[in-house]
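Here is the structure we will look at.
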């Protein structure tokens, strides 16, 4: 009998197996389409493309909270926002992002994802987009979303757009802490600015391949109300409900939402 992975809180860890996580979750099929259960990655990338190409976002500065070791969620953003800050709790994840920015040999290969997004956008020069994304990421900094000032000593806000993709449920130990985390992250959005939030639905854990990390299971209605309670309006959302084997593992789906911070 194999050993059971120990479940720990995402914020109890000192290290995260960034390379194992990337290898496990970010692959492309031979046809170039990202390979993921229930096609959640193509769904996410299309939503991001539509959000940034929709003409409703303004400004130049974007903060991505809980970037992890991945940059796929910033490919469309960098086309419109030349000043991006990646904020992440785990040092190993920050180092992985910096390896890619600097083009180091052992950095994860995001080329298939950049090519795919460029295809969605009708753009052919994916190599130029890769360099533009590297140039757009101005800072990679520590953050702790449980703190009322998540960026600590780094004083870069408020931002025109704040995004957080599949990060906040893993940081919260319960619903009350999730509410506080959304409020903390939301405070980094300037009045009239935009919040982009993606959360998993009903998920109790995730894995980097070595460890299993607890998630706070939430439903779409609760997440939407929490965002509204945190001072946001014009909340728009799209949900992807899992119907196959992933649902049986406790992954019920994903919610993608955008919201505008109320003017003070």
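Residue numbers (UniProt numbering): 1 to 264.
Think of the CB as a built atom: it goes at the ideal place given N, C-alpha and C, for glycine as much as any other residue.
Predicted model, so just to flag it, every value in this text is computed and none were measured.
Taking C-beta separations shorter than 7 Å and ignoring five residues to either side along the sequence, the partners of residue 138 in its chain run 83, 84, 85, following chain order. For residue 153, the number of other beta carbons within 10 angstroms of its own is below 16, and it is reported as exposed. The count of Cβ pairs closer than 8 Å, one atom from the segment 92-112 and one from the segment 143-163, stays below three, leaving the stretches out of contact. Residue 34 is bridged by DSSP to 28.
Residues of the same chain with a CB within less than 6 Å of the CB of residue 80, apart from the 5 flanking positions on each side, are 52 in chain order.
Residue 162 sits away from residue 114, with the two beta carbons spaced by 9 Å or more. 9 Å or more divides the Cβ of residue 160 from the Cβ of residue 76.
Between the segment 42-52 and the segment 105-120, the count of Cβ pairs shorter than 8 Å is three or higher; the stretches touch. In this structure, residue 218 and residue 240 do not form a Cβ contact; the two beta carbons are roughly 15 Å apart against a cut-off of 8 Å. With a cutoff of 9 Å on beta-carbon distance, residue 227 and residue 180 are scored as not near each other. Judged by DSSP secondary structure, residue 224 falls within the alpha helix (DSSP H) whose first and last residues are 220-229. A straight line joining the alpha-carbon of residue 156 with that of residue 89 spans about 17 Å. Nearest neighbour of residue 252 by Cα position, chosen from 204, 236, 192, turns out to be 204.
For residue 169, the enclosing alpha helix (DSSP H) stretches over residues 168-171.
CA-to-CA, the gap between residue 143 and residue 242 works out to about 31 Å.
In the assembly as shown, residue 130 is a buried residue. Its beta-carbon has 16 or more other beta-carbons within 10 Å. When the alpha-carbon of residue 189 is set against those of 176, 231, 214, the nearest one is in 231.
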